[in-house]
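**Q** Structure incoming, see below.
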Amino acid sequence: MIITDKKAKAIYNKILCPEVQESIDTYPDDERDGKTDMQIVMDEIAYFIEMFESEGTIYNDRLTEAKDIQSRSGNFTDYPIYLPSFQPVFSENQINDAKATLKQYKQLKDYYKKYRGK
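Numbering-wise (the numbering used here), the sequence shown opens with residue 50 and increments by one.
Here it is in structure tokens:
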């Protein structure tokens, strides 16, 4: 799908979650049913928010794991986190992935809250 609306295109370009962008890219033009570009972008964002919040989905598993790492690592302040045996509990990659997941989820929620219905 080609986005022509400037505001919808700006949101699309700033989305951190590549799955959302891919979903918008592959949205069939013949299924638009009179929806504007912004409505389609918001529908896709709402769908992925639901996926993050629905138990049993891979997105929810990623979000739950990210929140667990965040809480167990002291809000990401100390990494890598070490046990008394000097074995890292979470690697730097795990913490960076958790941060990215939380940032994606927060961004989608913020965009949806700000632009829904416009």
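Cβ atoms here follow ideal geometry from the backbone N, Cα and C, with glycine treated the same way. As the structure is a computational prediction, the values presented were derived from the model and not from experiment.
Can you find at least 3 beta carbon pairs, one from the segment 143-151 and one from the segment 83-99, that sit closer than 8 Å?
**A** Output reads no: the segment 83-99 does not touch the segment 143-151.
**Q** What does the Cβ neighbour count give for E93, buried or exposed, with the cut at 16 atoms within 10 Å?
**A** E93 should be labelled buried.
**Q** What does the alpha-carbon distance come out to for the pair E80 and I73?
**A** Those two C-alpha atoms are separated by around 12 Å.
**Q** In its own chain, which residues sit with a C-beta less than 7 Å from the C-beta of K152, not counting the 5 before and 5 after it?
**A** L65, listed in sequence order.
**Q** Cutting at 7 Å between CB atoms, please list the residues of its own chain near A115, excluding the five before and the five after it.
**A** Cβ within range, chain order: A147, T150, L151.
**Q** Leaving out five residues before and five after A57 in sequence, what residues of the same chain have Cβ atoms less than 8 Å from its Cβ?
**A** Result list for A57: T85, D86, M87, I89, V90, in chain order.
**Q** Whole-angstrom Cβ separation of Y161 and A95, contact assumed at under 8 Å?
**A** Contact holds; Cβ gap of about 6 Å.
**Q** Within its chain, find whatever has a CB closer than 7 Å to the CB of T53; leave out the 5 residues flanking it on each side and keep chain order.
**A** So the qualifying residues of the chain are D86.
**Q** Rounded to whole angstroms, what's the CA-CA distance from S140 to Q119? Just pull it up for me.
**A** Looking at the two C-alpha atoms, the distance is approximately 13 Å.
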